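*Asks:* Protein chains in written order, with the working numbering: chain R, 1 to 208; chain V, 209 to 416. No residue lacks a Cβ here, since even glycine has one placed at the ideal position from N, Cα and C. These numbers were taken from a predicted model, which means no experiment stands behind them. First, the structure itself, so that you have it in front of you.
Number of protein chains: 2
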Amino acid sequence: MAKRIADSTVRRLSAYLRFLEDFESRGLETISSEELAQRGGTTSAQVRKDLSFFGSFGKRGLGYSVPELAGRLREILGLGREWKVIIIGAGKIGAALAQYRGFRQRGFLILAAYDANDAKIGQKLEGIPVRDIAQLERDVKQDRPDIAVLTVPGDEAQKVLDRVVKTGIKAILNFAPTQLQAPADVTVKTVNMAMELEGLSYALTNRE
Amino acid sequence: MAKRIADSTVRRLSAYLRFLEDFESRGLETISSEELAQRGGTTSAQVRKDLSFFGSFGKRGLGYSVPELAGRLREILGLGREWKVIIIGAGKIGAALAQYRGFRQRGFLILAAYDANDAKIGQKLEGIPVRDIAQLERDVKQDRPDIAVLTVPGDEAQKVLDRVVKTGIKAILNFAPTQLQAPADVTVKTVNMAMELEGLSYALTNRE
DNA sequence: CTTAACTTGTGAATTCGTTCACAAGCCGAG
DNA sequence: CTCGGCTTGTGAACGAATTCACAAGTTAAG
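Written out as structure tokens, the structure reads:
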């Protein structure tokens, strides 16, 4: 990939794909950048610019073929294959994620959850086996998961992250409300509810 | 507030506050923008610029007083008061949120959860009462919650949002993987796990 | 009192992302 | 085949956010 693509662009591509799938299921054949923009709360120029980083997929005067563009976006986003996921931390958030249908739907296969709590080890979490965190390294060597989801308490997150990174996993989805340090070749995305809530608090406090 | 503050700035303030609380609990008195920056994965100039939008809180040659800056940030973020929160959708994600300690810790008080499922109504979700969504309007009039958290399926989210907006609630935290339309005076923050996962998929697919 | 070592606060410069504006291409009607 | 209505793709203009760079203030030591 020649140019570095902005994070915001990738997020929008993800949103476009969701609308396209909606359109696809309703049997629509083509869609214009304008229609796509309205659904995504952006502008048609933005949509065209986003897509232009990856090629030219439309037909002037006509718009985009819905199935073709959807296919291209899946390809760009790397959704053409199955990604193997492990969840670390079998608490409430881990459980909520384990049953989240969006994972499987998009090709994310949850292999297992890991925890240090003996009462949980050996149980099932929404059908997914809970294993002893002690066997993490061995399992990773064998199962080769691509993504680790961290749902551990904030004060353990960095330590667990370091351990996960050492196994060679290159993508982390972190739910701990902590800024994590990782090597440059490891991608960490953090979902921080506390931060979002404080953003709402700020908005409520500082409005004209 | 004179100038409009960027979303990214507010998120960083929120991160700075977290570090400051950590420093505070360790009894440290002052901190430099450089130290704050390292913890937050940013630069000292960024830290100073962020703070400069709201005033000048530091002492040249010395740095910032930890307790003072923490207090200022709490004030700026509107964390000096209690915010009343309702959760709409008593599923797994709702349950995970209901038990999340971060809410109470930061002054967010969860009043109730709402659901349409008779089996859930009247139960407790982590100690929080689950009420009939039918009585939403009446309850809001009485309890005056500030924030609504939406944990409903994607295809119902817009409908539920419209209903919530009509009650006069001005701040929404949305967990449905859907782009929502709301009036300009209502702040909507969306936490979209599907989007984050696809961001990871993209990163894994397109690396040098 | 002077000097050296630090650190803030902030205009200026730069980089990054979005929007504008329009030439180029496509389609259908006549 | 030509014209009018549409829509894409993309440089150029713009605007927003980040980084630079340095004067000004603070402290401690001599």
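So, is D393(V) buried or exposed, given that buried needs 16 or more other C-beta atoms within 10 angstroms?
*Replies:* Exposed.
*Asks:* Does the structure place the region 294 to 308 of chain V close enough to the region 321 to 339 of chain V that three or more beta carbon pairs sit under 8 angstroms?
*Replies:* Yes, since at least three Cβ pairs between the region 321 to 339 of chain V and the region 294 to 308 of chain V fall closer than 8 angstroms, the two stretches touch.
*Asks:* Which residues in the same chain as T30(R) place their Cβ atom closer than 7 angstroms to its Cβ, once the five residues preceding and following it in sequence are excluded?
*Replies:* Excluding positions up to five away in sequence, the list reads L62, G63, Y64, S65 and V66.
*Asks:* Check for me: the alpha helix (DSSP H) holding A278(V) runs from which residue to which?
*Replies:* Counting along the chain, the alpha helix (DSSP H) containing A278(V) begins and ends at V274 to I284.
*Asks:* With the cut-off set at 9 angstroms, would you say K378(V) and D354(V) are in Cβ contact?
*Replies:* Contact: yes.
*Asks:* Please look up how many angstroms separate the CB atoms of D143(R) and K84(R), rounded, as I've assumed it's under 8 angstroms.
*Replies:* Contact holds; Cβ gap of about 7 angstroms.
*Asks:* Name the residues in the region 310 to 342 of chain V whose C-beta lies less than 9 angstroms from a C-beta of chain R; which are they?
*Replies:* Of all residues in the region 310 to 342 of chain V, G310, F311, Q313, R314, G315, F316 and E334 have a Cβ within less than 9 angstroms of some Cβ in chain R.
*Asks:* Using a cut-off of 9 angstroms between C-beta atoms, extract the partners of Q179(R) located in chain V.
*Replies:* Neighbours of Q179(R) on chain V, chain order: A223, R226, F227, R247, G248 and G249.
*Asks:* Looking at the C-beta of R234(V), does it have a partner C-beta in chain R at a distance below 9 angstroms?
*Replies:* So no, R234(V) is outside the interface.
*Asks:* V10(R) CB to nearest chain V CB: under 9 angstroms?
*Replies:* Yes, V10(R) counts as interfacial toward chain V.
*Asks:* Straight-line CA distance for A390(V) to I380(V)?
*Replies:* Going by the C-alpha atoms only, they are around 10 angstroms apart.
*Asks:* Look at the alpha carbon of I128(R) and the alpha carbon of R282(V), and state the distance between them as a whole number of angstroms.
*Replies:* The straight-line gap from Cα to Cα measures roughly 40 angstroms.
*Asks:* Compute the Euclidean distance between the alpha carbons of S240(V) and A365(V), then round it to the nearest angstrom.
*Replies:* Rounded to the nearest angstrom, the two C-alpha atoms are 44 angstroms apart.
*Asks:* If I measure Cβ to Cβ from R280(V) and keep anything under 8 angstroms in the same chain, skipping five residues before and after, which residues do I get?
*Replies:* Cβ neighbours of R280(V) beyond the five flanking positions: F262, G263 and F265.
*Asks:* Can you give me the C-alpha to C-alpha distance between F23(R) and E198(R), rounded to a whole angstrom?
*Replies:* Between F23(R) and E198(R), the C-alpha separation is close to 35 angstroms.
*Asks:* Check whether chain R comes within 9 angstroms of D351(V), counting only Cβ atoms and requiring the distance to be less than that.
*Replies:* So no, D351(V) is outside the interface.
*Asks:* Out of curiosity, what's the CA-to-CA distance linking R12(R) and V396(V)?
*Replies:* Those two C-alpha atoms are separated by around 17 angstroms.
*Asks:* Taking Cβ-Cβ distances shorter than 8 angstroms, what residues in chain R pair up with E290(V)?
*Replies:* The contacting residues do not exist; E290(V) stays about 10 angstroms from chain R at best.
*Asks:* Taking the continuous beta strand (DSSP E) assigned at K349(V), which residues delimit it?
*Replies:* Segment L344 to D351 is the alpha helix (DSSP H) holding K349(V); no beta strand (DSSP E) there.
*Asks:* For E196(R), which residues in chain V fall below 8 angstroms Cβ to Cβ?
*Replies:* Correct list: L381, K397 and V399.
*Asks:* Starting from the beta carbon of I355(V), find every residue of chain R whose beta carbon is closer than 9 angstroms, and list them in chain order.
*Replies:* Under the 9 angstroms cutoff, chain R gives L197, L200, S201 and L204.
*Asks:* Shortest alpha-carbon distance to E276(V) belongs to which of N400(V), V357(V), T217(V) and L228(V)?
*Replies:* When only C-alpha atoms are compared, the closest one is L228(V).
*Asks:* Please compile the residues from chain R whose C-beta is within a distance smaller than 7 angstroms of the C-beta of Q307(V).
*Replies:* Those are K92, listed as they occur along chain R.
*Asks:* Please go through the same chain and pick out, in chain order, the residues whose beta-carbon is closer than 6 angstroms to the beta-carbon of A37(R), but skip the five residues on each side of it.
*Replies:* Counting only Cβ-Cβ distances below 6 angstroms, and skipping sequence neighbours, we find T43, S44 and V47.
*Asks:* When the Cα atoms are used, what is the spatial distance from I76(R) to V348(V)?
*Replies:* Cα to Cα, the separation comes out at about 44 angstroms.
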